[in-house]
Amino acid sequence: RRAPFALVVPALLGVALLLIPLLGVLARTSWSQLGTHLTSPETLTALRLSLLVSLGALGLSLLFGVPLA
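Residue numbers (the numbering used here): 237 to 305.
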C-alpha cells in the first residue's frame with residue numbers, strides 16, 4: 237500500500253528544508269579546516285545552545301504531550 241500523494245509532497249518538502257542548508261554548509265566548508273571550525277568558541281556556544289533548547293523542547297513535549305495522548 238502506497239502513501240497518498242497529498243502526504244508525500246509535504247514530507248519531501250520537509251526533508252528538503254532540512255537537507256538543503258546542511259548540504260550548503262558542507263559544500264562551503266574547507267575540509268582541511270573542519271576541526272578548527274568545529275572547535276571554535278562560536279561553534280561550541282551554538283552547539284551548546286542547540287542542545288539545551290532541544291532538551292527543553294523534549295522535556296516540554298514529554299510533560300504536555302504524554303498526558304494529552
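C-beta atoms are modelled at their ideal positions from N, C-alpha and C, and glycine is treated no differently.
Return the CA-CA distance between residue i and residue j, expressed in angstroms with no decimal places.
i    : j    : result
A282 : H273 : 12 angstroms
A305 : L262 : 39 angstroms
L249 : P240 : 15 angstroms
L291 : R238 : 34 angstroms
E278 : L259 : 20 angstroms
L294 : R264 : 31 angstroms
L288 : P246 : 28 angstroms
Where does residue i sit, in a helix, a strand or coil, going by DSSP?
i    : result
R284 : helix
P240 : coil
S266 : coil
S290 : helix
T272 : helix
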